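See structure below.
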Amino acid sequence: MSFAPGPSRYPLPRSLTGSRPGILDPTQPARILREKGATLSFAAFDPLAATGSGNHRPKPRVPDFETAPKRIVIEIPPLGSIGPPRWSEPVIFSEDQWDIYKLDPAYDCFVAPFPQPTFIRRKDPREIPVHTHSSTGSSGAFKKHRLSSPSDIDEPPPGLNKRFRTVVSLVTDEEGTEVETISDSDEEDEVEDIVVEESPRQDPRRADRQKQRRRDREERTQERREKLKAKMSSSSQPARPSTPEIVDLTMEENTPPDLSDGDAGPYATKRKDPESPDQASANDAPQYKPNKRARTRSPGAFRDAFNRKRSERTRRKTTQQSMRSQYEQQATRDTLWAGIFAQTPWATPPSSQTSQAPPPGFDDQDSEEPAPDSEQTDEDARHRAEIEESRRKLAELEKDRPLWEEEARKRQAREQAEARVRHAQREADRRRATEAAAREERQRRQAAAAAAAAEERVRAERARLAREREERRRRERERWSYGPWTAIRAIERYKALSEAFDTAKFTADNPVDFEMVPWPVLHAPAALTVEDIDWASVEAFFEAARRHLRTQDYRMFVEKAHKRFHPDRWRARGVLKSLEDEELRGGLEVAANTVSQAVTPIWREMRG
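Numbering-wise, the working numbering puts 173 at position 175 of the sequence shown, and it's gapless, one number per residue.
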């Protein structure tokens, strides 16, 4: 920061650094700090510092187009006290100190265009904004936002130029007064125009539509006025001249007085003046331009006014409809009773009647008119008979009124009972539907749970069988894979595997394996394959068994082998069906048939 030119009391300006407020002004911490004795810290905010990721790859910096980093201020709790301040001396400020004075509302920081110096001026105490909610507070030039008050709604600001429409009527003093009113559509358009005119912004196309509607409405109003004037002129009489009261329907403009350039009013805002660098100096105040207006009404005031008028209009329409309905009902009743009393002498008299009823106080003795003839007498008698008949019908109607009312009550009670029955039926149907849905959901969950349990059991069974198969293979490898391989060990292995093979149940979960089948061969199990099982190998195995077994044991040995490898027995036990591998199933089937064909001649020779 530079300082104003002039004589200095110090040979060299003192440099102020750090982020401690109040170095020159002791009252500055009370205005800036929220807590006495606290300290401030300034830093440039980096959005990556708030993320949890650790792999922050810096982007290439482009100094010509990159925006300056945002600075933030951090207030730290009290850690010490500040020293005695000094004032009125030229200093060199750091960026942190400049930000502190920008935060202080009691100072005005002004950056003049180059080469003018930049200075900080203490504001007039009357210009310092007071943080109150009163409408008569500080000047509006130092406020960015101001809440609206009721007085602001009633009294428009002096800088606001509005137009208000006067809604009037044309009234004449002639008989049959004519009243010209504004229709509801015109009133809605008027409210919309007022809201649009008071709104801060408008769409140009919407403004054109508003102007077109305003012109159409004025034309319709003018046409109605002309028609009314013509009607009044044609119906006027010399004895009673018409004196219509004509009221202007034009727009009234409340134009405030022009504001001078020197006094910008409460709507002026602070701006820098780069066009007059020669006039700026250390002792001059910053220039302001009155190009901003403070808000005088809340954003919802216009909407509230429109809603209030719309509610009043709706209430007025409802009242008119109610009155019209009552009038129609009354007219219907009057028409009904007029038809009943149509033949009474107080209503319309018959056309054949030539005499009127005598007025009150008429004396028959003073009348010199001749008596009515016989025709008139018969007509009067017939007229009286009709009147009596009408009265009798009215009496019958009045007599039957309780029956009608009782029937209406019964019908209403019946309808109410039917409505209650329908309601109960709907509730029962809804309850049954809810219970059915709950039952289906419960069954579905139970089925899913049962399926999951079954699948879990199958999985556990498969795992158990796999463990048993692996354990059996391990034991067999430990038992038969070590030591010299002889015919006696081959026979012992065949017997051991035969017991397990005959009792096993082969399924898809426990399929047969090549190592599980007791193949009657002398080959070592470690090197045994499907190709090693042939006719000669089977005959050699049973020849060695005959030498090492007794005759009776040999007979039983051959008999069991013949049954064990018979194709029908394998199909009955489903040995091959448990396999999913087609290649392995074909190889086992060929090997089993070979053993069965080789054992059959030996079994026949032993029996014969």
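Where is the CB? At the ideal position from N, CA and C, for every residue including glycine. Only a predicted model underlies this, so the values are computations on that prediction, with no experimental measurement involved.
(message) Counting C-beta neighbours from all protein chains within 10 Å, is the total for Ala611 16 or more, i.e. buried, or is it exposed?
(response) It is not possible to answer for residue 611, since the shown part of the chain is limited to -1 through 606.
(message) In the DSSP output, which residue or residues are listed as bridge partners for Ala422?
(response) DSSP, once it has assigned bridges, lists no residue as partnering Ala422.
(request) In the DSSP assignment, find the beta strand (DSSP E) that holds Ile70 and state where it starts and stops. (result) Lys68 to Ile74
(request) Starting from Arg90, follow the beta strand (DSSP E) in both directions and report where the run begins and ends. (result) Per the sequence presented here, residue 90 reads as Ile, with Arg not at that position. Run containing Ile90: Val89 to Phe91, per the beta strand (DSSP E) assignment.
(request) Assign Ile21 to buried or exposed, taking buried as 16 or more other Cβ atoms, counted over all protein chains shown, within 10 Å of its Cβ. (result) buried
(message) Given this structure, state the Cα-to-Cα distance separating Lys561 from Arg548, to the nearest angstrom.
(response) 20 Å
(message) Using the three-state DSSP reduction, which class does Asp214 fall into: helix, strand or coil?
(response) helix
(request) With DSSP collapsed to three states, give me the class of Ala369. (result) Its pLDDT being 46, under 50, Ala369 is placed unreliably by the model, and the measurement read from it follows with that caveat. In the structure shown, Ala369 sits in coil (DSSP, three-state: anything other than H, G, I, E or B).
(message) Between Arg314, Val510 and Ala417, which has its C-alpha nearest Leu607's C-alpha?
(response) With the chain represented from -1 up to 606, any question about residue 607 goes unanswered, as that position is not in the structure.
(request) Using 10 angstroms around the beta-carbon of Glu243, count the other beta-carbons present and answer buried if the total reaches 16, otherwise exposed. (result) At Glu243 the pLDDT is 41, less than 50, meaning the model places this residue with poor confidence and gives no usable figure here.
(message) For a test of the three-state rule: what should DSSP assign to Tyr480, helix, strand or coil?
(response) coil
(request) Please report the residue range of the beta strand (DSSP E) in which Asp500 lies. (result) Segment Ala485 to Thr501 is the alpha helix (DSSP H) holding Asp500; no beta strand (DSSP E) there.
(message) For Lys408 and Gln414, what's the separation of their Cα atoms in angstroms?
(response) 10 Å
(message) With three or more C-beta pairs closer than 8 Å as the rule, is the stretch 84 to 103 touching the stretch 25 to 34?
(response) yes
(message) Can you find the residues in the same chain that come closer than 6 Å, C-beta to C-beta, to Gly585, ignoring five residues on each side of it along the sequence?
(response) Val528
(request) Using a Cβ-Cβ cut-off of 8 Å, state whether Ala431 counts as contacting chain B. (result) In the structure shown, chain B does not exist; there is a single protein chain.
(message) Suppose the cutoff is 6 Å on Cβ atoms and the five residues either side in sequence are ignored; what does the same chain contact list for Pro621 look like?
(response) Because the chain in this structure spans residues -1 to 606, residue 621 falls outside the shown range and cannot be described.
(message) Please tell me whether Asp106 and Phe40 are closer than 8 Å, where the distance is taken between their beta carbons.
(response) no
(request) Use the C-beta contact count for Ser594: other C-beta atoms within 10 angstroms, 16 or more gives buried, fewer gives exposed. (result) buried
(message) Going by DSSP in three states, Ala436 sits in which element: helix, strand or coil?
(response) helix
(message) Which of the three DSSP states is assigned to Arg18 in this structure?
(response) coil
(request) Assign Val486 to one of two classes, buried (16 or more other C-beta atoms within 10 Å of its C-beta) or exposed (fewer than that). (result) Reading the sequence as shown, one finds Ile at residue 486 and not Val. Counting Cβ neighbours within 10 Å, Ile486 comes out exposed, since fewer than 16 surround it.
(request) Just the C-alpha distance for Met321 and Arg313, rounded to the nearest angstrom, thanks. (result) 12 Å
(message) According to DSSP, simplified to helix, strand and coil, what is Leu38?
(response) strand
(request) Give me whichever residues DSSP pairs with Phe117 in a beta bridge. (result) Phe108
(message) I'd like the list of long-range same chain contacts for Ala542, defined as Cβ closer than 6 Å, with 5 residues on each side in sequence excluded.
(response) Ala485
(request) Taking Met604 as part of the alpha helix (DSSP H), name the residues at either end of that continuous run. (result) Glu580 to Arg605
(message) Taking the alpha-carbon of Ala488 as reference, which of Glu466, Arg412 and Pro523 has the nearest alpha-carbon?
(response) Pro523
(message) Taking the alpha carbon of Arg389 as the reference point, which residue from Glu433, Thr25 and Trp335 has its own alpha carbon closest?
(response) Trp335
(message) I need the DSSP call for Ala452, collapsed to helix, strand or coil.
(response) helix
(request) Determine the direct distance from the alpha carbon of Arg429 to that of Gln324, and round the result to whole angstroms. (result) 45 Å
(request) From the DSSP output, in three-state form, read off Arg470 for me. (result) helix
(request) Going by CA-CA distance only, name the one from Ala538, Thr15, Lys121 and Pro88 that's closest to Ile600. (result) Ala538
(message) Give me the DSSP bridge partner(s) of Ser13.
(response) Ile90
(request) Spatial neighbours of Val536 within its chain, please: CB distance less than 8 Å, with the 5 preceding and 5 following residues excluded, ordered by chain position. (result) Pro518, Val519, Thr592, Val593, Ala596 and Val597
(request) To the nearest angstrom, report how far apart Lys632 and Phe300 are at their CA atoms. (result) Absent from the structure is residue 632, since the part of the chain shown begins at -1 and ends at 606.
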